[in-house]
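A.B. asks:
There are 2 protein chains.
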Amino acid sequence: MTGTWLYFLLFFSAASVASSSFINSKPRFLGRFAHLKAETTQTVKSYRYETRYYTQLLDHFSFKNLSSFEQRYLISREHWKGPDHMGPIFFYCGNEGDIEWFAENTGFVWEIAPRFGAMVVFPEHRYYGKSMPFGSKDAAYESADSLSYLTAEQALADFAALLTDLKRNLSAEDCPVVLFGGSYGGMLAAWMRLKYPHIAIGALSSSAPILQFENIVPEQSFYDIVSSDFRRESLSCFETIKESWHALEVEGQRENGLKYLSSKFHLCRNLNNTEELSDWLSSAYSYLAMVDYPYPSAFLMPLPANPIKEVCQKIDSLPSGANILDRIFAGASIYYNYTGDVSCFDLSDDPHGMSGWDWQACTEMVMPLSSSRDHSIFPPYDFNYASHEKGCFEQFGVKPRPKWITTEFGGHDLRTALRAFGSNIIFSNGLLDPWSGGGVLENVSETIVALVTELGAHHIDLRASTDEDPDWLTEQRQEEIKLIEVWVNDYYKEKRSYFGI
Amino acid sequence: MTGTWLYFLLFFSAASVASSSFINSKPRFLGRFAHLKAETTQTVKSYRYETRYYTQLLDHFSFKNLSSFEQRYLISREHWKGPDHMGPIFFYCGNEGDIEWFAENTGFVWEIAPRFGAMVVFPEHRYYGKSMPFGSKDAAYESADSLSYLTAEQALADFAALLTDLKRNLSAEDCPVVLFGGSYGGMLAAWMRLKYPHIAIGALSSSAPILQFENIVPEQSFYDIVSSDFRRESLSCFETIKESWHALEVEGQRENGLKYLSSKFHLCRNLNNTEELSDWLSSAYSYLAMVDYPYPSAFLMPLPANPIKEVCQKIDSLPSGANILDRIFAGASIYYNYTGDVSCFDLSDDPHGMSGWDWQACTEMVMPLSSSRDHSIFPPYDFNYASHEKGCFEQFGVKPRPKWITTEFGGHDLRTALRAFGSNIIFSNGLLDPWSGGGVLENVSETIVALVTELGAHHIDLRASTDEDPDWLTEQRQEEIKLIEVWVNDYYKEKRSYFGI
Numbered sequence: 004m005t006g007t008w009l010y011f012l013l014f015f016s017a018a019s020v021a022s023s024s025f026i027n028s029k030p031r032f033l034g035r036f037a038h039l040k041a042e043t044t045q046t047v048k049s050y051r052y053e054t055r056y057y058t059q060l061l062d063h064f065s066f067k068n069l070s071s072f073e074q075r076y077l078i079s080r081e082h083w084k085g086p087d088h089m090g091p092i093f094f095y096c097g098n099e100g101d102i103e104w105f106a107e108n109t110g111f112v113w114e115i116a117p118r119f120g121a122m123v124v125f126p127e128h129r130y131y132g133k134s135m136p137f138g139s140k141d142a143a144y145e146s147a148d149s150l151s152y153l154t155a156e157q158a159l160a161d162f163a164a165l166l167t168d169l170k171r172n173l174s175a176e177d178c179p180v181v182l183f184g185g186s187y188g189g190m191l192a193a194w195m196r197l198k199y200p201h202i203a204i205g206a207l208s209s210s211a212p213i214l215q216f217e218n219i220v221p222e223q224s225f226y227d228i229v230s231s232d233f234r235r236e237s238l239s240c241f242e243t244i245k246e247s248w249h250a251l252e253v254e255g256q257r258e259n260g261l262k263y264l265s266s267k268f269h270l271c272r273n274l275n276n277t278e279e280l281s282d283w284l285s286s287a288y289s290y291l292a293m294v295d296y297p298y299p300s301a302f303l304m305p306l307p308a309n310p311i312k313e314v315c316q317k318i319d320s321l322p323s324g325a326n327i328l329d330r331i332f333a334g335a336s337i338y339y340n341y342t343g344d345v346s347c348f349d350l351s352d353d354p355h356g357m358s359g360w361d362w363q364a365c366t367e368m369v370m371p372l373s374s375s376r377d378h379s380i381f382p383p384y385d386f387n388y389a390s391h392e393k394g395c396f397e398q399f400g401v402k403p404r405p406k407w408i409t410t411e412f413g414g415h416d417l418r419t420a421l422r423a424f425g426s427n428i429i430f431s432n433g434l435l436d437p438w439s440g441g442g443v444l445e446n447v448s449e450t451i452v453a454l455v456t457e458l459g460a461h462h463i464d465l466r467a468s469t470d471e472d473p474d475w476l477t478e479q480r481q482e483e484i485k486l487i488e489v490w491v492n493d494y495y496k497e498k499r500s501y502f503g504i
Numbered sequence: 004m005t006g007t008w009l010y011f012l013l014f015f016s017a018a019s020v021a022s023s024s025f026i027n028s029k030p031r032f033l034g035r036f037a038h039l040k041a042e043t044t045q046t047v048k049s050y051r052y053e054t055r056y057y058t059q060l061l062d063h064f065s066f067k068n069l070s071s072f073e074q075r076y077l078i079s080r081e082h083w084k085g086p087d088h089m090g091p092i093f094f095y096c097g098n099e100g101d102i103e104w105f106a107e108n109t110g111f112v113w114e115i116a117p118r119f120g121a122m123v124v125f126p127e128h129r130y131y132g133k134s135m136p137f138g139s140k141d142a143a144y145e146s147a148d149s150l151s152y153l154t155a156e157q158a159l160a161d162f163a164a165l166l167t168d169l170k171r172n173l174s175a176e177d178c179p180v181v182l183f184g185g186s187y188g189g190m191l192a193a194w195m196r197l198k199y200p201h202i203a204i205g206a207l208s209s210s211a212p213i214l215q216f217e218n219i220v221p222e223q224s225f226y227d228i229v230s231s232d233f234r235r236e237s238l239s240c241f242e243t244i245k246e247s248w249h250a251l252e253v254e255g256q257r258e259n260g261l262k263y264l265s266s267k268f269h270l271c272r273n274l275n276n277t278e279e280l281s282d283w284l285s286s287a288y289s290y291l292a293m294v295d296y297p298y299p300s301a302f303l304m305p306l307p308a309n310p311i312k313e314v315c316q317k318i319d320s321l322p323s324g325a326n327i328l329d330r331i332f333a334g335a336s337i338y339y340n341y342t343g344d345v346s347c348f349d350l351s352d353d354p355h356g357m358s359g360w361d362w363q364a365c366t367e368m369v370m371p372l373s374s375s376r377d378h379s380i381f382p383p384y385d386f387n388y389a390s391h392e393k394g395c396f397e398q399f400g401v402k403p404r405p406k407w408i409t410t411e412f413g414g415h416d417l418r419t420a421l422r423a424f425g426s427n428i429i430f431s432n433g434l435l436d437p438w439s440g441g442g443v444l445e446n447v448s449e450t451i452v453a454l455v456t457e458l459g460a461h462h463i464d465l466r467a468s469t470d471e472d473p474d475w476l477t478e479q480r481q482e483e484i485k486l487i488e489v490w491v492n493d494y495y496k497e498k499r500s501y502f503g504i
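In structure tokens form, the structure reads like this:
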């Protein structure tokens, strides 16, 4: 496998049988699908908000670059109790994509806002969606120089500046802010609570692998969890996929093998090598594990309930003696073509040749992932930092700082560091989610707590409720609401005692 | 008064009778005296340490400027228990001056290190002493561009990077770090504990006016405290000084008045205007308030015990009917010429025309100070942000961000923000210290505590013990030691329970 390279929440290149160059493993472009989703789902849920822009400094931490950019944020005051009642501000820490898409897929925040009389704010992360420095995506992504302000620290400072200004403008200085975030956004929410406690009183950090750095957790956990998600549905399915990489490789090496594979997998163009196909397939398996929700969803792709079960049923359903590649194609079609609308599959990369998460993974967000020899559904692969660094230099002309995130935010021995420091963070994780391997799965203290669900996938708790929600999910959300209520009420109590009320 | 402009710990221009231009109130240069002190006092105390350099990134928060510089730090492992015993690391957050000078004047840390088996580290703040980006002070201070990385956030990140690397190199990852700092260094220590809890277990933040921003505390507190320090010694002394500004002004406006004043005050060159002299005098009064220690000291200048008492006795001792300017000169001579070695006084400015704290006050560290009409020994003055901004632009071509510090570090309603967040910070303040007006004077929580001494001056607790220490000072230091012991022992307990020992 070469795909140590990944799009955090979304698209990443995963296993491929043979090693290939770094460039070959360049992942697909996030924005393409994110954009589609925002357009297609907005009409369905239609949360009501205003879209606004806030002028941000490009560089909060030096006085050299004084240019600014417009950060988009979505805001709804529909249910806000207002400053006189210290109505809370629910603030979603935008992550690596179009903020409208995250707003649409974070129904939990919208649903609980009325109960709290809360304002809802969804700020977009710099360099994503419409929040582009230098006036356009092309200009923002032009070079390492233009990309150099795309960091988590700058994004957190954006949130801090926006919130401070927003509160001042709404005379809402005394209104408590509660942070929400999923995946990378969940990391930002937790870090924001730790770094800006004067700005937010607590954070719901969902499916946030803040420990997936350096050697804090085993590098194999991500792919091991994907693998076990398949194994638990069907051992034969697991084995079919595990064997398929070799079959693909053998087929690809035959005369006209690549053409044959291209045709068998209904690709729009002929393959240049087998890795293109295995990357495409392994991405599907990893994403399936992330969105293995118990009801139909359309977060990454339109999918049925329990999609891994569906994929495995399809793979297993072919008659005994069927070609292994036919099984694999049938399974992959569940992920890539559940609606049946796709006539051929396009493996093409990001047309711009760059993406924001690529840059982040090549600078701060160095999260080593390996595939184990024994437990993985994917071919074995050991993360190699030297080749990661080399690839980053080739792609961006930048050298990663793999130890910077833990220097800036911690991670090693989190428990000792935070046991008597900090408060009001919920780390929620579902164990089906491959990112849970890098999550905080045990309580740190009385107020920094872990909510772990055995059957949860990637930040399922942040999604809108459905009629098909299992009890454990309803209970998890109730627990989260209860904890947020405690934060808010403790804050009110503190404020009132201070005012002598 | 025009001197809203100040050198934090040390030299700042203070009151002058008439308003003058921003440039006229440019303060004296820190390095000149700091350098002297380091050379003259080192031989006296002679704490033993090695001097080392660590390669720091110039910009921790973007990936644009990849250049680095050598940060000086002093280190002593003489009493360190070592990694096997988790020997603590005592880390002084270097502030705006030569680190050797701070090391010499922070005897407390050296004195308690053996008791804790602690390593002692004194890192220098970037852009001060020998820790110059771009290879030299001239290059580092050349322009706003070259100065743009002189910020508190970058300095804290320097400390974090240095500590992380140091611990790794010494296999000391499990060794607890305790932060110390006085004045601006005390602010850095407190902020470091809040922002990097995974790196340091606690902070002794001495005389740190972290609330002296925006409108958190009254702008008048600094000069009111200076004033009351004089009033408490002698009402007639207070009144003499209060009246002297007008007398100076009148004298200066006479024919040959400036020449007369220059001669009367034994200046090495003739005055260009009266403000030069009143700035020089008001600086003396403010610094006297800061270093009003109960024993002889030589922190800023060689001074007797209780120097304000001495100054006032001198002022009051002249026979009734003596010229008010003779009284003032006699008083000022205690501050500027206690040794009697000075033949004439040099009012000249920083030869480089810039200094680090000037820049910091023109970017982040906007600490508004005003002089009240009724209680002040100085002429009335209202801080005017517009003229501060104008002056900064004229001097550096930079626009301050007066609200950034509270956005990044908090300050408004500190109590609510930190009551259930953070731990292990001692805010120590002496009420004679004019900076105590911007300090944390009440406990925030059980573990974020305020130690206030009625008769303490600027970070006296951090100084070496002397035979003349009053009981309250000895008790204060005992209390600090006790609290630090609790932090360290709690940490050991936590670590051992984690290891299952």
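Chains as they are written, first to last, in my numbering: chain B, 4 to 504; chain R, 4 to 504.
We put the CB at the ideal spot given by N, CA and C, even for glycine.
#1: Give the secondary structure of R/R75 by DSSP, where H, G and I count as helix, E and B as strand, and everything else as coil.
#2: Compare the C-beta of R/H201 against all C-beta atoms of chain B and say whether one is closer than 8 Å.
#3: Span of the alpha helix (DSSP H) holding B/Q256?
#4: B/D295 and B/D227 - do their beta-carbons sit closer together than 8 Å?
#5: Going by C-alpha to C-alpha distance, which of R/N98, R/S323, R/A160 sits closest to B/K406?
#6: In this structure, how does DSSP classify R/I92 when only helix, strand and coil are distinguished?
#7: Taking its Cβ as the centre, do 16 or more other Cβ atoms sit within 10 Å of R/V443, making it buried, or is it exposed?
#8: Using a Cβ-Cβ cut-off of less than 7 Å, give me the residues of the segment 61-83 of chain B that come near chain R, in sequence order.
#9: Please report the straight-line C-alpha distance between B/Q309 and B/C315, rounded to a whole angstrom.
#10: Could you tell me the alpha carbon to alpha carbon distance between R/P141 and R/K402, rounded to whole angstroms?
#11: Applying the 10 Å Cβ sphere with the 16-neighbour rule, what's the burial state of B/L417?
#12: Output needed for R/A158: all residues of its chain with C-beta closer than 7 Å, excluding positions within five of it in sequence on either side, in chain order.
#13: Residues of chain B with CB closer than 8 Å to the CB of R/D464, please, in chain order.
#14: Quick one, which of R/G414, R/Y56, R/G90, R/L60 has its alpha-carbon nearest R/K498's?
#15: Taking all protein chains shown into account, decide if R/K312 is buried (16 or more other Cβ within 10 angstroms of its Cβ) or exposed.
#16: Mapping the DSSP letters down to three states, classify R/R1 as helix, strand or coil.
#17: Please report whether the beta-carbon of B/L214 lies at a distance below 8 Å from any beta-carbon of chain R.
#18: Going by DSSP, what residue range makes up the beta strand (DSSP E) through B/L280?
#19: Residue range of the beta strand (DSSP E) that B/F430 falls in?
#20: What's the C-alpha gap between R/V123 and R/I92?
#21: Is it buried or exposed for R/N275, if we count other Cβ within 10 angstroms and need 16 for buried?
#22: Going by the beta-carbon positions, is the gap between R/V447 and R/R422 smaller than 8 Å?
#23: Whose C-beta lies closer than 6 Å to the C-beta of B/T456 among residues of the same chain, with five residues either side of it excluded?
#24: Check R/C122 in the structure and name its three-state DSSP category.
#25: Under 8 Å between the Cβ atoms of B/P136 and B/I102?
#26: Name the residue from R/Q481, R/F412, R/A420 whose alpha carbon lies nearest to the alpha carbon of R/Q215.
#27: Beta strand (DSSP E) containing R/L153: first to last residue?
#28: Mapping the DSSP letters down to three states, classify R/S500 as helix, strand or coil.
#29: Would you say B/A158 faces chain R, with C-beta separation under 8 Å as the test?
#30: Please tell me whether R/I408 and R/I428 are closer than 8 Å, where the distance is taken between their beta carbons.
#31: Identify whether B/G260 lies in helix, strand or coil by the three-state DSSP scheme.
#32: Would you please state the rounded distance, in angstroms, between the beta carbons of R/V180 and R/I487? I believe it to be under 8 Å.
#33: Measure from the alpha carbon of B/G132 to the alpha carbon of each residue in B/S390, B/G414, B/G359, B/S426, then state which is nearest.
#34: Do R/L61 and R/S49 count as a contact pair if the criterion is CB distance below 8 Å?
#35: Which chain R residues sit within Cβ distance under 8 Å of B/K198?
#36: Leaving out five residues on either side along the sequence, give the residues of the same chain with a beta carbon under 8 Å from the beta carbon of R/S149.
C.D. replies: Checking against the coordinates, here is how it stands:
#1: Taking the first residue of the second sequence as position 1, residue 75 of chain R is located at position 72. Here R/R75 sits in strand by DSSP.
#2: The residue you call residue 201 of chain R lines up with position 198 of the second sequence. With 8 Å as the cut-off, R/H201 counts as an interface residue toward chain B.
#3: Counted from its first residue, the first sequence places residue 256 of chain B at position 253. Counting along the chain, B/Q256 sits inside the alpha helix (DSSP H) bounded by residues 238-256.
#4: For the purposes of this step, residue 227 of chain B is taken as the residue at position 224 of the first sequence. For the purposes of this step, residue 295 of chain B is taken as the residue at position 292 of the first sequence. Against a cut-off of 8 Å, the Cβ pair of B/D295 and B/D227 comes out as no contact.
#5: Sequence index remark: in the first sequence, residue 406 of chain B carries index 403 (1-based). Nearest C-alpha to B/K406: R/A160.
#6: Here residue 92 of chain R is taken as the residue at index 89 of the second sequence, counted from 1. In the structure shown, R/I92 sits in a strand (DSSP, three-state: E or B).
#7: Indexing the second sequence from 1 puts residue 443 of chain R at position 440. So R/V443 counts as buried.
#8: Close to chain R, meaning a Cβ-Cβ distance shorter than 7 Å, are the following residues of the segment 61-83 of chain B: D62, F64, S65, F66, K67.
#9: Stepping through the first sequence from its first residue, residue 309 of chain B is reached at position 306. Stepping through the first sequence from its first residue, residue 315 of chain B is reached at position 312. The amino acid at residue 309 of chain B is misidentified as Gln; the sequence shows Asn. In a straight line, the C-alpha of B/N309 is about 10 Å away from that of B/C315.
#10: Mapped onto the second sequence, residue 141 of chain R falls at position 138. Mapped onto the second sequence, residue 402 of chain R falls at position 399. The sequence given here places Asp at residue 141 of chain R; Pro does not occur at that position. Computed Cα separation, rounded: 22 Å.
#11: Position 414 of the first sequence, counting from 1, holds the residue named residue 417 of chain B. Buried, since its Cβ has 16 or more Cβ neighbours within 10 Å.
#12: What you label residue 158 of chain R is simply residue 155 of the second sequence in a count that begins at 1. Annotation for R/A158: H128, R129, L191 place their beta carbon closer than 7 Å to its own, counting only its chain and skipping 5 residues before and after.
#13: Walking along the second sequence from the start, residue 464 of chain R turns up at place 461. What R/D464 touches in chain B: nothing, since even the nearest Cβ is about 24 Å away.
#14: Within the second sequence, residue 498 of chain R is the residue found at index 495, counting from 1. When only C-alpha atoms are compared, the closest one is R/G90.
#15: Here residue 312 of chain R is taken as the residue at index 309 of the second sequence, counted from 1. Buried, because 16 or more other Cβ atoms sit within 10 Å of the Cβ of R/K312.
#16: Outside the shown range of chain R (4 to 504) lies residue 1 of chain R, about which nothing can therefore be said.
#17: As a position in the first sequence, residue 214 of chain B is number 211, starting the count at 1. No, no contact with chain R.
#18: Your numbering for residue 280 of chain B matches position 277 in the first sequence. Unbroken run through B/L280 is the alpha helix (DSSP H), 277-293; no beta strand (DSSP E).
#19: If you number the first sequence from 1, residue 430 of chain B lands on position 427. DSSP places B/F430 in the uninterrupted beta strand (DSSP E) bounded by 428-433.
#20: Within the second sequence, numbered from 1, the residue matching residue 123 of chain R stands at position 120. Within the second sequence, numbered from 1, the residue matching residue 92 of chain R stands at position 89. Whole-angstrom Cα-Cα distance: 6 Å.
#21: By one-based count along the second sequence, residue 275 of chain R stands at place 272. If you draw a 10 Å sphere on the C-beta of R/N275, you find fewer than 16 other C-beta atoms in it, and that means exposed.
#22: Along the second sequence, one-based indexing puts residue 447 of chain R at 444. Along the second sequence, one-based indexing puts residue 422 of chain R at 419. Taking the C-beta atoms as reference points, R/R422 is found nearer than 8 Å to R/V447.
#23: In the first sequence, the residue the question calls residue 456 of chain B occupies position 453. Contacts found: G433, W475, Q479.
#24: To locate residue 122 of chain R, count along the second sequence from 1; it is residue 119. In the sequence under discussion, the amino acid at residue 122 of chain R is Met, which differs from the Cys named in the question. In the structure shown, the three-state DSSP call for R/M122 is strand.
#25: As a first step, residue 136 of chain B must be located in the first sequence, where it is residue number 133. As a first step, residue 102 of chain B must be located in the first sequence, where it is residue number 99. No, the Cβ-Cβ distance between B/P136 and B/I102 is not below 8 Å.
#26: Position 212 of the second sequence, counted from the start, is the residue given in the question as residue 215 of chain R. Per the Cα distances, R/F412.
#27: Here residue 153 of chain R refers to the residue found at position 150 of the second sequence. Note, R/L153: premise wrong, no beta strand (DSSP E); not H, not E.
#28: Residue mapping note: residue 500 of chain R aligns to position 497 of the second sequence, counting from 1. Helix, per DSSP.
#29: Reading the first sequence from its first residue, position 155 is the one you call residue 158 of chain B. Not closer than 8 Å to any Cβ of chain R, the Cβ of B/A158 fails to qualify, so no.
#30: Start at 1 with the first residue of the second sequence, and residue 408 of chain R comes out as number 405. Start at 1 with the first residue of the second sequence, and residue 428 of chain R comes out as number 425. In terms of Cβ geometry, R/I408 and R/I428 do not form a close pair [threshold 8 Å].
#31: Within the first sequence, numbered from 1, the residue matching residue 260 of chain B stands at position 257. B/G260 falls in the helix class under three-state DSSP.
#32: Translated into positions along the second sequence, residue 180 of chain R becomes position 177. Translated into positions along the second sequence, residue 487 of chain R becomes position 484. Contact between R/V180 and R/I487 is absent: CB atoms are separated by about 12 Å, not below the 8 Å threshold.
#33: The residue labelled residue 132 of chain B in the question sits at position 129 within the first sequence. Here the closest residue by C-alpha is B/G359.
#34: Working through the second sequence from its first residue, we reach residue 49 of chain R at position 46. Working through the second sequence from its first residue, we reach residue 61 of chain R at position 58. The answer is no: Cβ separation not under 8 Å.
#35: Position 195 of the first sequence, counted from the start, is the residue given in the question as residue 198 of chain B. K198, listed in chain order.
#36: In the second sequence, residue 149 of chain R corresponds to position 146, counting from 1. The residues are P136, F137, A142, A143.
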